[in-house]
Structures are given as C-alpha cells and as structure tokens.
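Protein chains in written order, with my numbering: chain A, 1 to 493; chain B, 494 to 977. Each residue gets a CB set at the ideal place from its N, CA and C atoms; glycine is no exception.
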C-alpha cells in the first residue's frame with residue numbers, strides 16, 4: 001500500500017500505462033489514506049463513490065489505449081471550485097448545502113484528462129485567510145509537527161489542498177491563489193505549489209474572492225508533477241473574459257531543462273527587518289544552489305515592494321465586497337427569514353458569513369465608498385501599476401526572481417487568528433506576484449531547526465511558467481527535500 | 494428659449510433633462526447567451542450568469558456593442574474607442590449579482606445631438622451628453638402572495654442603452670418631441686424596438702425651474718416613465734408643484750420621485766439622504782472595451798437612412814411639403830410603406846392619398862399600418878388609375894373604400910363595378926347633347942346671362958354618366974356647346 005502512496009504522479013502514470021498497477025488500486029490506497037488521516041480535517045466533502053467510478057473509467061481508458069495525461073491519478077479539489085452534483089461551499093456557512101449544476105472549467109479539464117476526484121478540500125472561508133482557520137468546517141491541520149508536538153496550521157487559504165498532498169491523502173490537488181493561498185500553504189506543508197500567470201487558467205466556475213487576483217493552480221510533491229497537471233489545467237476559455245489567448249506548451253518537456261546561463265534576481269527589498277534567521281539561511285542556500293547549477297545571480301531592486309501588502313488589502317477586499325454581494329439569501333444558499341427584505345439580508349449575511357469575511361466586506365465597502373474611493377481604491381490601483389512596472393523592468397534583466405515564500409515556517413493553530421494584521425503579514429512575499437499578475441512557484445527547500453518545511457519562491461515574467469519549472473527543478477534536485485511529515489498516511493518519499 | 498411659465502412672482506423658465514433607457518435589439522443578453530425576447534413565462538430566459546450563481550462570469554455580447562455604436566452614429570455622437578464597464582453596487586431582490594454592470598467614467602458613446610420640430614414649425618437641437626451600455630435588472634412582483642415577493646429574472650442582464658440628454662429642454666412639448674424623435678431614430682436604426690408599453694423604452698425625467706437668467710434650480714428626478722403622455726404630465730405637474738413651492742417660500746428638495754398614473758401626480762420615492770452610494774469601480778471580470786476605426790467604419794457603411802435625411806429627400810426630390818414629409822417619416826414603417834407605394838408614380842398624389850384616405854380609414858378602423866388591408870402596391874395601383882385618367886378623384890374615394898373593405902386591387906374594383914372613367918369625346922358629346930335637349934328652357938336662361946346654371950349642366954351630365962365621365966372634358970365640351 002505505502003508503495004502506491006510513494007509514487008509521484010509522473011511515476012504513477014508510467015506504472016498505470018504499463019499496467020503494473022490499476023487506477024482502482026491506486027485510488028483505493030488514497031481512499032484508505034483519507035480515512036487514516038481524517039484527523040487532519042482536509043476533506044470537507046469526500047467523494048468516494050465518484051472516485052471509484054472515475055478510477056474504473058480510467059482503467060478502461062488504459063485498456064482501450066485512450067487514456068488522457070492524468071488518467072487514473074487521484075486528485076483533491078479545493079472547495080472553492082464548483083463541482084457538478086457535489087456540494088460546493090467555499091467553506092462558508094452561507095453556502096453550506098449548495099450543490100452546483102455545473103463544473104468549473106479547470107476541474108472539468110482535469111476530469112477530461114482522466115483525473116480521479118477524491119473529494120472537496122478544506123480552505124479558509126471564501127479563501128480569506130492564511131491559516132485555514134476561518135473555514136466553517138474548522139482548520140485543516142498540517143501533517144508536520146514541530147518538535148514540541150503542537151498542532152500546526154497547514155497555511156491558507158488552500159490549507160486542505162496542501163495538507164492532503166503532504167499527508168498522502170491526495171496524489172495532487174488544486175487550489176487557488178489570490179495573495180499567496182497556494183504558495184504559502186505549499187511552503188508550510190513541504191510540497192510544490194504553483195500560482196500561474198493571471199489569465200492562464202480559467203476562473204469560470206471558481207467561487208470568486210478577488211477577481212483581478214484569483215488564479216487556480218496545482219499542489220504536487222514534485223516539480224515534474226506540477227508541470228504535468230498544470231498542462232491540463234491551463235488554456236484559454238471563452239467563458240472567462242480575462243482568460244488569455246496564449247498557447248499552452250507541454251510543460252513536462254521543460255522541467256529538466258538546464259538553468260545554465262540563466263540570470264536569477266535577488267530583490268534586496270525582500271530582506272525584512274526581524275525576518276527569521278532560518279529564512280535568510282534557506283534563501284542564501286537557494287542562491288548558492290542555483291549558482292552551482294550554472295545560473296548567474298543578480299542583485300535587483302523592486303522598490304515598491306513595501307507597498308504591496310497595504311495595496312493588496314485595499315484591492316482584494318474591495319473586489320470581495322462586491323463579489324460576495326450575490327450571497328444574499330434570495331436565490332440559493334442559506335437564508336434567515338425576516339420581516340423586510342433589508343432585515344432578511346442583514347440576518348442572512350450576519351449568520352452566513354464568518355468574522356474574517358465580514359471584516360473584509362466592511363473594509364472593501366469602506367474603500368469603495370464615495371469620498372474614499374480616490375484615496376484608497378484608486379491610489380491602490382496606481383501603486384499596483386508601479387509594482388507591476390518594478391517586475392517588468394526586473395524581467396528585462398533577469399529570467400527569474402528568487403525569494404523566500406513565507407517569513408516564517410508553519411505556526412501553531414490559534415497563534416495568530418486573533419490578530420489579523422500579524423496574520424496578513426504572512427502574505428508579504430507572495431502578494432506582489434498577484435498584484436503584478438505574474439507566475440510564482442513555491443518549492444520545498446529544507447527544514448527549520450524545529451524540523452518544519454521551508455519553501456523558496458520563484459517568480460517569472462507573465463506566461464513564463466516554463467522558466468519557473470526549470471529553476472524550481474534545479475532547486476529540487478539540489479535540495480533533496482524529504483517529504484516525511486509525522487502525521488502522513490505512510491511513507492511518501 | 495421657449496415659453497416661460499408665469500407665476501405669482503413673475504416668469505419661470507423650465508429646465509428639463511432626460512435619461513432614456515432603451516432596450517437593445519439583440520440575439521441575447523449583454524453578458525450571457527440567454528434570449529432577450531419579451532413575453533416568456535417567468536424565469537424561462539435565465540442562465541447561470543443571469544442568476545449570478547457562484548463562479549459565473551460575464552462575457553460581452555459583441556452584437557450589443559455594435560448596436561450601441563450604431564446608435565451613437567445615429568445621434569451624430571462621438572464614439573469612444575475605449576470604454577470601461579463598472580459595477581454599480583446595491584442590494585435588491587431582483588438584482589442577482591448585487592451589482593449592475595454599467596459604464597460610469599468611460600461610456601461607449603460621448604456627446605451627440607437630436608433635432609426636434611415643434612408644432613409651430615420651429616426646430617431645436619437637443620444635446621446628448623452620453624450613451625452607455627448597462628444591464629437591466631429583473632422584476633419584482635409584489636401582488637402574487639400576501640407576504641412574499643416573487644422574482645422574475647427574464648429581464649435580468651438584458652442590454653440597455655442609457656441615453657442621457659443635456660438639460661436643454663424647456664417645455665413638456667419639447668420633451669415629448671425629443672422622446673418621440675429619439676424613439677423614431679432608434680427604430681430606424683433597428684437598435685431598439687421603441688415599445689414603451691412593454692418597457693423597451695423608459696425615461697427618467699429631471700425637472701427644475703428658475704427665474705430667467707438665474708443659475709439652475711434644484712431638480713427632481715421622476716423615474717421610469719413609459720409613455721409620452723406620462724412624461725408630459727410629469728413635467729407639467731412638477732413645474733407647477735415646484736413653482737408653487739418656491740413662491741410659497743419653500744424650496745425644492747433634490748430627490749427621486751415616482752409618477753402615479755392614476756392621479757397624474759408625482760410623489761417622493763427617496764430623498765437625497767437615502768440616495769445609494771453605488772461604490773462604482775471597474776468590473777475586474779471584464780476587460781476594457783477597445784475597438785478601432787475600421788470597426789466603426791464598417792458599421793457606418795451599413796447605416797440605414799435616418800428620418801431627417803429621408804425627410805429632406807422627400808422635400809427636395811419628391812416635392813412634398815415639409816408637413817407631409819414629417820408625417821410620412823415619423824414612423825419607420827410609414828416611410829417604408831410610402832416609399833413602396835409611391836415608387837415610380839406621382840409622389841405627391843401618393844402622399845396625399847396615404848396621409849388623408851389611408852390614415853383616415855386606419856384611424857376609423859382602429860388598426861395599425863401593419864394591419865392595413867390595403868398594401869403599398871395596391872395603394873400605388875389606385876394612384877396609377879387616377880394619374881392615367883381611368884378614374885376621377887371622386888370615384889377613387891369610392892374605389893378606395895371598397896379596397897379597404899375587401900382587400901381587392903383598385904383595378905379589380907373598377908372593373909367589377911364598371912367605374913372606369915369615360916374619356917371618349919363622342920360618348921361625352923352625345924350625353925351632353927341629350928342633357929341640353931331635355932333642358933332647353935335652362936339653356937335659354939343660361940344664354941340670357943344666368944351663368945350660375947353651368948354647374949347644373951355639369952351635374953346633370955355627371956349624373957347621366959353615373960359619375961364616370963371625365964369631369965375636365967365635360968367642363969370643356971359643355972362650355973363650348975353653351976357659349977357658341
């Protein structure tokens with residue numbers, strides 16, 4: 001059994017196509033793992049029967065020689081993607097019990113490529129959070145334990161997506177990243193997390209948080225697996241006006257291409273005061289690995305970095321305040337009845353939305369209000385352009401940028417939830433990529449003294465995910481990171 | 494400036510501006526593929542996007558964009574090659590997204606103009622401030638259940654053009670002429686069906702009053718007027734109300750008002766303090782709208798002729814009076830009917846027959862031109878018989894009445910009833926001779942100076958011919974016979 005869980009997606013595809021294993025065997029191994037790791041609270045809606053059915057179909061496809069690139073691979077889905085006939089809640093009370101009649105573009109592309117759906121994964125409510133603690137279902141738990149044994153956050157918002165892949169209860173998973181929601185939990189859980197270029201993956205059918213920032217991406221155990229599933233997820237979708245009409249190469253082909261001669265930028269502004277020594281150490285380590293692999297390291301400047309977080313915390317809540325207006329109790333989702341329409345709205349939304357979501361709706365509503373719009377939203381959009389320009393000019397000079405993914409390793413559950421500002425600081429290194437619309441990847445690089453995973457982030461110019469994959473795989477090769485969380489379903493590497 | 498209204502304290506000038514919501518004629522809604530056709534059962538034209546289901550995204554319907562540009566061209570307006578869709582945020586049960594997608598800072602069409610004509614023959618230019626595209630909301634039905642409201646989302650997401658005039662109208666008559674002309678232009682362009690009863694065209698009317706030469710007064714906005722009569726009533730009522738209010742020492746409050754169709758009065762809907770803060774911001778789900786000169790040029794090429802152009806052609810080429818040309822161009826269908834009926838024959842006679850006989854008969858029967866039993870070709874056939882002297886004008890009226898009744902061709906009626914005009918000189922001479930012979934006494938009286946008897950002889954001859962004798966020839970020959 002544990003051998004099945006040990007396989008990377010790339011290896012599994014090979015074994016499946018060689019008929020060494022069947023998809024139903026592989027899927028059953030993961031279904032068992034979902035059971036044994038259930039204390040991690042990763043799955044909010046397991047879809048065991050659907051998984052078995054899809055696995056059978058995959059086996060038939062292999063037998064018929066018509067298997068797609070992801071055929072038979074067990075995959076978990078963040079509960080922000082609408083899945084046809086399977087409850088989709090965004091981990092919010094207001095949508096609990098909501099079952100879409102439609103399938104998001106990204107997930108339907110994955111199922112069309114033969115992927116097997118294991119279930120819906122835990123996340124922060126409406127993807128708002130950095131610890132998965134705002135979920136109506138309670139937090140997803142990190143399978144890694146610190147030496148003192150305290151339960152750790154899997155990160156957020158895609159906590160369940162990261163934790164399940166790290167714990168061996170999903171071979172791969174999909175999540176979304178609005179300000180770091182893929183990269184930060186990937187770093188916390190020791191897996192690879194990719195936030196693609198804005199416009200690369202269709203947003204159609206994904207519950208919207210902040211439309212100009214949201215982007216779907218995969219969680220995997222290796223860079224190669226990331227390229228494999230990403231190739232299936234990406235592509236233009238006429239149903240999403242912001243989706244880019246850009247060709248999708250087979251990214252698996254570029255994973256192991258050499259970084260020799262590549263120029264890697266190190267942005268001075270990412271040295272934060274009071275940053276963990278261990279983070280500085282792993283960043284330096286990454287830099288020397290890439291040098292050893294033949295890349296040229298260049299010190300660069302991204303002068304507007306310090307404005308990214310405040311800028312993000314205007315734009316994201318502003319868009320969210322409008323995006324979440326549709327959850328009004330009128331057509332679907334939960335309603336609290338009242339005498340008048342206004343009272344019904346108030347009662348429904350007060351009961352249905354959690355504290356963090358309400359906080360962000362209020363911040364966003366305020367930022368867009370008459371008399372404040374120019375000072376907040378408009379100013380934030382101007383700053384956003386400057387941040388994008390920083391990256392544009394940096395990428396005239398370098399092929400990729402190397403930074404830490406997070407300012408710390410995974411923290412204890414409950415440690416930051418009562419202090420939103422400290423929580424928001426978690427996104428300090430990840431937010432700029434969302435504002436600029438550029439792709440970023442977090443790759444596990446080593447362990448902290450506490451024995452917790454630390455991630456390095458790579459950033460590239462728009463639609464240059466190929467560069468991310470080649471640089472990330474160079475780090476992966478040198479880091480020899482061992483995915484061995486204490487609370488995994490079995491041995492994973 | 495137009496007519497002033499006199500109050501107790503002197504004359505008042507009226508200032509009117511209008512925001513017209515015109516439903517775009519299109520295959521589908523503005524941002525979804527659902528049908529935009531009126532009249533389906535409730536909630537039958539609703540897509541996942543229209544119902545604002547989670548994760549749904551708007552995609553612009555290119556046809557609606559074209560229609561807006563065509564309308565802009567028809568209003569001689571500036572077309573903005575760059576425009577932006579914004580979200581207008583507010584909560585209402587029939588607004589599924591919790592925001593309306595509209596255009597705020599960067600509309601698709603900028604300044605333009607509409608020319609209006611008034612009954613006194615004067616013509617005025619009314620400026621257009623802007624035209625923008627936006628989504629319609631759904632409909633709330635409050636009378637279906639004692640304590641609940643029902644929601645119909647068929648209209649949710651249907652494309653509207655909001656056409657904003659400058660505050661350049663100064664009487665109810667001007668406002669009526671403006672909305673009629675605007676409606677006519679939209680219908681000629683085929684960008685809005687102009688059906689006010691079904692709500693395809695509705696107006697919000699802004700009214701204020703001021704002493705001539707003073708700055709603009711405080712205005713009120715009366716919402717959602719769906720007939721020309723209601724627009725005029727609203728203006729008349731508001732003007733009186735505001736003047737009385739100010740002359741009694743009060744002040745007009747800036748507010749939104751509703752028109753009560755049963756009382757003809759307006760009443761407060763919401764005051765300024767309850768005004769929504771719409772929190773406009775660019776819709777991040779949509780890219781700015783960008784098109785080039787070639788796109789506009791393409792649409793320009795296929796622009797239909799507009800009423801003003803047709804009218805001037807009718808006056809200069811067809812020799813019609815400005816009044817007739819006006820009557821014939823107000824409605825697109827009328828102009829089309831006339832062009833067909835008059836093609837290749839006497840334009841003036843056709844114009845007369847259409848505006849007098851045909852419209853008279855339609856009016857009497859209470860039906861539209863579209864239901865006319867007489868087709869353009871048939872009316873043209875009647876005009877032909879008049880022009881070539883086959884029938885007299887008098888007979889033609891009889892023939893027309895029959896055509897209108899039976900739907901038969903003019904020629905068929907004339908043949909069946911034997912109404913063809915007698916222009917045979919010999920036949921007319923013999924009829925005249927008979928009449929003169931049997932009225933020798935009257936002939937003598939005439940010849941001795943009683944000129945007035947000429948009409949009597951004409952009448953007798955026409956009677957003898959059952960009205961079919963060519964009246965011109967009868968006159969001429971009679972005169973010869975009597976005077977020699």
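- Collapsing the DSSP output to three states places residue 301 of chain A in coil.
- For a Cβ distance threshold of 9 angstroms, residue set 330, 331 of chain A lies close to residue 644 of chain B, ordered along the chain.
- Within the same chain, and ignoring the five residues on either side of residue 210 of chain A in sequence, the residues whose Cβ sits closer than 6 angstroms to its Cβ are 178, 316, 319, 320.
- As a beta-bridge residue in DSSP terms, residue 643 of chain B pairs with B:634.
- Taken in chain order, the members of the segment 540 to 570 of chain B whose beta-carbon sits within less than 8 angstroms of a beta-carbon on chain A are 541, 544, 545, 546, 547, 548, 549, 550, 551, 552, 553.
- Residues of chain A with a Cβ closer than 7 angstroms to the Cβ of residue 582 of chain B are, in chain order, 322, 325.
- The CB of residue 179 of chain A never comes closer than 8 angstroms to any CB in chain B; the least such distance is about 15 angstroms.
- At a cut-off of 4 residues, the continuous stretches assigned as alpha helix (DSSP H) that sit fully inside the segment 68 to 131 of chain A are 105 to 112.
- For residue 332 of chain A and residue 98 of chain A, the gap between their C-alpha atoms comes out near 7 angstroms.
- Runs of the beta strand (DSSP E) spanning 3 or more residues and lying entirely within the segment 659 to 704 of chain B occur at 694 to 703, in chain order.
- Cβ-Cβ distances below 6 angstroms link residue 450 of chain A to 146, 147 in the same chain, with the five nearest sequence neighbours on each side left out; the list follows chain order.
- Put simply, the CB of residue 631 of chain B is far from chain A, with every gap to its CB atoms at 8 angstroms or more.
- Rounded to the nearest whole angstrom, the C-alpha separation of residue 9 of chain A and residue 58 of chain A is 14 angstroms.
- For residue 239 of chain A, the nearest CB of chain B lies under 8 angstroms from its own CB, placing it at the interface with that chain.
- Between residue 516 of chain B and residue 651 of chain B, the gap from beta carbon to beta carbon is short of 8 angstroms.
- Scanning its chain for C-beta atoms nearer than 7 angstroms, with the 5 sequence neighbours on each side dropped, one finds around residue 681 of chain B the residues 797, 799, 800, 825, in chain order.
- Annotation: residue 24 of chain A has no Cβ neighbours in chain B at a cutoff of 9 angstroms; minimum Cβ distance is about 31 angstroms.
- Within the same chain, and ignoring the five residues on either side of residue 890 of chain B in sequence, the residues whose Cβ sits closer than 8 angstroms to its Cβ are 850.
- Residue-level contact by beta carbon fails for residue 893 of chain B and chain A, as no gap is shorter than 8 angstroms.
- For the 8 angstroms CB-CB criterion, residue 478 of chain A and residue 289 of chain A form a contact.
- In its own chain, leaving out the 5 sequence neighbours on each side, no residue places its CB closer than 6 angstroms to the CB of residue 933 of chain B.
- Spatial neighbours of residue 416 of chain A in its own chain (CB-CB distance under 6 angstroms, excluding positions within 5 residues in sequence) are listed in chain order as 422, 423.
- By the neighbour-count criterion, in which 16 or more other beta carbons inside 10 Å mark a residue as buried, residue 122 of chain A falls on the buried side.
- Look at the segment 77 to 94 of chain A: the residues with a C-beta under 9 angstroms from a C-beta of chain B are 80, 81, 82, 88, 90.
- A Cβ-Cβ contact shorter than 8 angstroms links residue 188 of chain A with residue 453 of chain A.
- Taking 8 angstroms as the threshold, the shortest C-beta distance from residue 279 of chain A to chain B does not fall below it.
- Counting every other CB atom within 10 Å of its CB across the protein chains shown gives residue 264 of chain A a total of 16 or more, marking it as buried.
- Within the segment 586 to 613 of chain B, contact with chain A at the beta-carbon level (separation under 7 angstroms) is assigned to 586, 589, 590, 591, 592.
- Chain order gives the chain B residues near residue 242 of chain A as 778, 780, where near means a beta carbon separation below 7 angstroms.
- When DSSP assignments are scanned along the segment 892 to 930 of chain B, the uninterrupted stretches of alpha helix (DSSP H) that are 4 or more residues long and fall wholly within it turn out to be 903 to 910, 918 to 930.
- Around the C-beta of residue 169 of chain A, 16 or more other C-beta atoms lie within 10 Å, and the residue is accordingly described as buried.
- In this structure, B:965 is the residue among B:945, B:965, B:607 with its C-alpha nearest to the C-alpha of residue 887 of chain B.
- Residue 377 of chain A belongs to the set of residues whose beta carbon lies under 8 angstroms from a beta carbon in chain B.
- Scanning its chain for C-beta atoms nearer than 6 angstroms, with the 5 sequence neighbours on each side dropped, one finds around residue 45 of chain A the residues 87, 119, 120, in chain order.
- Rounded to whole angstroms, the gap between the alpha carbons of residue 822 of chain B and residue 926 of chain B is 50 angstroms.
- Residue nearest to residue 384 of chain A within the set A:275, A:375, A:432 is A:432 (criterion: CA-CA distance).
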